[in-house]
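Engineer: One structure, as structure tokens, below. Some questions next.
Residue numbers (our numbering): 125 to 234.
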């Protein structure tokens, strides 16, 4: 007997696609401990509460601002980070609840 094909959850597929890029994965790793990886003394908002300014992420990554913004937008579409505007700057923070849900789903299905 063969098992019926199971269609994977599109949200899980989107998250896995976002994580398949090593730079996006690195950005998510840095955002796990923002006070360790970014200059907190230069922040205009609390990195633990609001997130890290895209300009600080761009400086650490050493990539063009447009490239970093595109990577972060992909992580946001996957639900792995949340964006918050502070003045004219966008700050990014991990969505820990969504990440935990993804880990749980993977633990149940893989």
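All residues carry an ideal CB built from backbone N, CA and C; glycine is no exception.
#1: By Cβ distance, which residues of its chain are closer than 7 Å to residue 193, with the 5 residues on each side in sequence left out?
#2: How big is the Cα-Cα spacing for residue 212 and residue 168?
#3: Counting along the chain, where does the alpha helix (DSSP H) carrying residue 142 start and finish?
#4: Roughly how many angstroms separate the alpha carbons of residue 219 and residue 140, rounded to a whole number?
#5: Rounded to the nearest angstrom, what separates residue 186 and residue 151 at their Cα positions?
#6: If you run the structure through DSSP and keep just helix, strand and coil, what is residue 217?
#7: For residue 235 and residue 214, what's the separation of their Cα atoms in angstroms?
Structural biologist: Reading off the structure:
#1: Excluding residues up to 5 positions away in sequence, 178 lie with their Cβ nearer than 7 Å to the Cβ of residue 193 in the same chain.
#2: Cα to Cα, residue 212 sits roughly 11 Å from residue 168.
#3: The continuous alpha helix (DSSP H) containing residue 142 extends over residues 134–143.
#4: Rounded to whole angstroms, residue 219 to residue 140 spans 15 Å at the Cα level.
#5: If I take the Cα positions, the gap works out to 12 Å.
#6: Looking at residue 217 - three-state DSSP - the assignment turns out to be strand.
#7: In the structure displayed, the chain extends from 125 to 234; residue 235 sits before or after that span and is not available.
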